[in-house]
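If you use numbering that gives the first Met the number 0, the sequence shown corresponds to residues 0 to 242, in order.
Glycine included, C-beta positions come from ideal geometry on N, C-alpha and C.
All of these numbers come straight from a predicted model, not from anything done at the bench.
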Amino acid sequence: MDRSRSQFSVLGLPVHILDDHAGWLIERLHQGLGSHVVTLNAEMAMQAEKNQALADIISSAELVIPDGAGVVLYLRMRGKKVNRFPGIELAESLLQQAAKLPHGESVFFFGGAPGVAIAAAETWQQQRGGLSIRSQHGYISAEEEQEFQETLKKIQPKMILVGLGVPRQEFWIAKHRHLCPQSIWVGVGGSFDIWAGTKTRAPAWFCDNHLEWLYRLYQEPWRWRRMLALPQFAFKALGNLRG
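As structure tokens, this is what we get:
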């Protein structure tokens, strides 16, 4: 399978397109090469417009995938034939492959409310008998986080999924990835909640029609202010197209 990586620009941010994102990451893992994965959507792109530190982190990530419908439509308007690749699907593909790795302690979940990450880990362990996942919720004190960092440094998990929300998870990964320099680090947003069953993912019709954001707004109406980034992104994208 062709695993060559093409890079395109979305409002000055890189987006990488591959036939097999998970396979590319697993290949790097076997080579001992660490990777930071960013799942780019319109909301994150607009945050990066106002936050240079976030833009720098995205630009330095080894893999930036087109998670949001807005990013995909932006590239399609410029003649790039790309499909949306949600971060949760990449994480699921990586976990399926992690079950085949020789080290049972190769995965770590960090983030979410107390009880969520461990429930998500139990769900995956039930589905994949050979998969062992350690977890830590995201509501920890400075002292507890120091202990957690020492744990990561000691066990060196092969994959570390961080669900702290955007952009906190991106900053956290950039700051701490030196603890496990050969690991795959992925910001997974609210994926733990979906795997734990505390929230549900949008039905296929919403996903297929680029309306997953609408279903998410229905689930979490308090997010309406953050959703204003979507029309802002569209306006910016159309302006760049005319230019």
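* Nearest-angstrom Cα distance between P230 and Y138? -> 32 Å
* Asked: Apart from the five residues just before and just after Q6, which ones in its own chain have a Cβ nearer than 6 Å to its Cβ?
  -> P13, H15
* To do: Go to S5, then tell me how far its beta strand (DSSP E) extends in each direction, as first and last residue.
  => 5 to 9
* **Sequence ranges, alpha helix (DSSP H) only - wholly within the segment 94 to 155, length at least 4** => 115 to 126, 141 to 154
* Asked: When you compare each of I159, L39, E26 to N82 by their alpha carbons, which one comes out closest?
  -> L39
* To do: Check each candidate in R75, A97, G111 and name the one with the smallest Cα separation from G22.
  => A97
* What's the call for G242, buried or exposed, on a 16-neighbour Cβ count within 10 Å? -> Its pLDDT being 49, under 50, G242 is placed unreliably in this model, and the value from its coordinates should be taken loosely. Per the 10 Å Cβ criterion, exposed.
* C-beta contact flag for W184 and V165 at 8 Å -> no
* Got a sec? Which residues, its chain only, sit under 7 Å from A195 by beta carbon, not counting five neighbours each side? -> V115, A118, A119, T122
* Report the rounded CA-to-CA distance for L94 versus M43, giving the unit in angstroms. => 24 Å
* **Cα-Cα separation, L53 to L62** => 15 Å
* To do: Count the other C-beta atoms from every protein chain shown that fall within 10 angstroms of the C-beta of H85, then say buried if there are 16 or more, exposed otherwise.
  => Reading the sequence as shown, one finds Pro at residue 85 and not His. P85 should be labelled buried.
* To do: Would you tell me roughly how many angstroms separate the C-alpha atoms of K157 and D18, rounded to the nearest one?
  => 22 Å
* Can you grab the Cα-Cα spacing for the pair I154 / E144, in whole Å? => 15 Å
* How many whole angstroms separate the CB atoms of Q148 and H177, which I take to be in contact at a CB cut-off of 8 Å? -> With 8 Å as the limit, Q148 and H177 do not qualify as a contact, their Cβ atoms being about 10 Å apart.
* Asked: CA-CA distance, T199 and I193?
  -> 5 Å
* To do: Tell me whether V14 sits in a helix, a strand or coil according to DSSP, three-state version.
  => strand
* When the Cα of V36 is compared with those of A90, H136, G67, which residue comes out closest? -> A90
* Own chain residues within Cβ distance below 6 Å of A60, not counting five before or after -> H35, V37
* Do you know whose CA, among G31, H20, G111, lies nearest P180's CA? -> G31
* Local Cβ density within 10 Å of L250, reported as buried at 16 or more and exposed below that -> Because residue 250 is not part of the residues shown, which for the chain are 0 to 242, the question remains open.
* With C-beta atoms as the reference, is I87 less than 8 Å away from S8? -> no
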